[in-house]
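*Asks:* Just so we're aligned: the sequence shown equals residues 109 to 365 in this note's numbering.
For glycine and all other residues, C-beta sits at the position ideal for the given N, C-alpha and C.
Every value quoted in this text rests on a predicted model; they were computed, and no experiment measured them.
Supplied in structure tokens, the structure appears directly below.
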Amino acid sequence: MKLYNICFSARGTTQACASTIASGMNMETVSCNWLEKPCTEPMAIAREDRLLFSMPVYAGYIPKLCAKMLKNLQGDETPAVIAAVYGNRHYDNALLQMKDLLKKQGFHVVAAGAFVAEHSIFTSVAKGRPDEEDRKAMADFGVQCARLFGKDSCPEVRVPGDPAYNADIAINLPFKPDADDTCTECGACADICPTHAIEKENIRVTARPELCINCGACMKVCPTGARGYHSAVYEGARAGFEQRCAAYRTPETFFPG
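Below, the structure written as structure tokens:
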């Protein structure tokens, strides 16, 4: 029995959360970050194996490119656990969306968790998360999931969310990352961008803003820290978001029964 630890992590936080959950499961693990290795070809996970599927939450849903890639992942009534990682606002319909998508692909979701990490756009929100208490909760969640994985059968978990959700709503923020004068035009941001919104011929801006999902991968990989949000529009949005999302939110986990 193997655990397939699959995530999409642009800034490393979702991957760190997934790794902590997996550590509690204590299983032989195959890990894959869809940022680095997109799921563009069919991939089957056998009934005797297990899946940990962890996604960041962007405006209440998982990234659209991940929902698309998920169609290449196929289970055989394979038991699965889902984890939504969000930036302290709310995970909204993300867990329900993940459960629905995985069910269509032949997976049986037996547990779910929602965990807080530093916000990928407004990084002052949930700064330092996941913290020690978060990591303990994630590892404990993994231990409990491993117990479920060891059972001959387990009911499907119920998760919160609006069954009438619409994950196709277009989200296009009025600010995108760009680079300041410390940019060396190395091209690392263009190479890592999962939607090809950055062009090397015009490296200091987001040349195709309609494609940008504000995931933050370009900022994380920038060797000089040149890339970021530098507009007054961003600063205004940040101030309001900080005020609305200042309260400390705790992990939530869901199991059958």
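For A118 versus G295, is the C-beta spacing smaller than 7 Å?
*Replies:* No, they are not a contact pair.
*Asks:* Output the boundary residues of the beta strand (DSSP E) element that contains I129.
*Replies:* Taken as a continuous stretch (DSSP letters only), I129 belongs to no beta strand (DSSP E), being part of the alpha helix (DSSP H) at 121-133.
*Asks:* Per DSSP, C115 forms a beta bridge with which residues?
*Replies:* N141, S162, per the DSSP bridge assignment.
*Asks:* Under 7 Å, do A220 and S162 count as touching if we go by C-beta distance?
*Replies:* Cβ distance not < 7 Å, so A220 and S162 don't count as in contact.
*Asks:* Give the straight-line distance between the Cα atoms of F283 and D260, rounded to the nearest whole angstrom.
*Replies:* Looking at the two C-alpha atoms, the distance is approximately 50 Å.
*Asks:* For G336, does the three-state DSSP call read helix, strand or coil?
*Replies:* G336: strand per DSSP, three-state reduction.
*Asks:* Would you call E264 buried or exposed, if buried means 16 or more other Cβ atoms sit within 10 Å of its Cβ?
*Replies:* Label assigned to E264: exposed.
*Asks:* Measure the C-alpha to C-alpha separation of T137 and G344 and round it to an integer number of angstroms.
*Replies:* For T137 and G344, the distance between alpha carbons rounds to 43 Å.
*Asks:* What is the DSSP secondary structure of Q182, reduced to helix, strand or coil?
*Replies:* Strand at Q182.
*Asks:* Check Y273 in the structure and name its three-state DSSP category.
*Replies:* Residue state, collapsed to three classes: coil.
*Asks:* Indicate the three-state DSSP secondary structure (helix, strand or coil) for F249 in the structure shown.
*Replies:* In this structure, F249 counts as helix in the three-state DSSP scheme.
*Asks:* How is M327 classed by DSSP in three states: helix, strand or coil?
*Replies:* It is helical.
*Asks:* Helix, strand or coil for M206? Go by DSSP, reduced to three states.
*Replies:* The answer is helix: DSSP assigns M206 an H, G or I state.
*Asks:* By how many angstroms is the C-alpha of G348 removed from the C-alpha of R316?
*Replies:* So the two alpha carbons sit approximately 27 Å from each other.
*Asks:* Who are the Cβ neighbours of G250 in its own chain at under 7 Å, not counting the five residues just before and after it?
*Replies:* Closer than 7 Å at Cβ, skipping near neighbours: I129, A130, S131, G132, M133.
*Asks:* Please report the residue range of the alpha helix (DSSP H) in which I300 lies.
*Replies:* Where I300 is concerned, the enclosing alpha helix (DSSP H) stretches over 296-300.
*Asks:* Would you mind stating whether M109 and E156 have Cβ atoms separated by less than 7 Å?
*Replies:* Against a cut-off of 7 Å, the Cβ pair of E156 and M109 comes out as a contact.
*Asks:* Taking its Cβ as the centre, do 16 or more other Cβ atoms sit within 10 Å of P271, making it buried, or is it exposed?
*Replies:* Exposed: under 16 other Cβ atoms inside 10 Å.
*Asks:* With respect to the alpha helix (DSSP H) encompassing M177, which residues constitute its N-terminal and C-terminal limits?
*Replies:* From DSSP, the alpha helix (DSSP H) with M177 extends over 172-177.
*Asks:* Can you give me the C-alpha to C-alpha distance between H216 and G168, rounded to a whole angstrom?
*Replies:* Spanning the two alpha carbons is a distance of roughly 22 Å.
*Asks:* Would you kindly work out how many angstroms separate the C-alpha atoms of N310 and I153, rounded to a whole number?
*Replies:* C-alpha separation (whole angstroms): 41 Å.
*Asks:* Since I believe R335 is in contact with A287 (beta carbons under 8 Å), could you give me their beta-carbon distance rounded to a whole number of angstroms?
*Replies:* Going by Cβ atoms, the distance from A287 to R335 rounds to 5 Å, so yes, they are a contact pair.
*Asks:* State whether the region 228-243 contacts the region 190-199, with contact taken as three or more CB pairs (one from each stretch) at a distance under 8 Å.
*Replies:* A contact exists between the region 228-243 and the region 190-199.
*Asks:* Given this structure, state the Cα-to-Cα distance separating L160 from V189, to the nearest angstrom.
*Replies:* Going by the C-alpha atoms only, they are around 5 Å apart.
*Asks:* Going by DSSP in three states, A347 sits in which element: helix, strand or coil?
*Replies:* A347 falls in the helix class under three-state DSSP.
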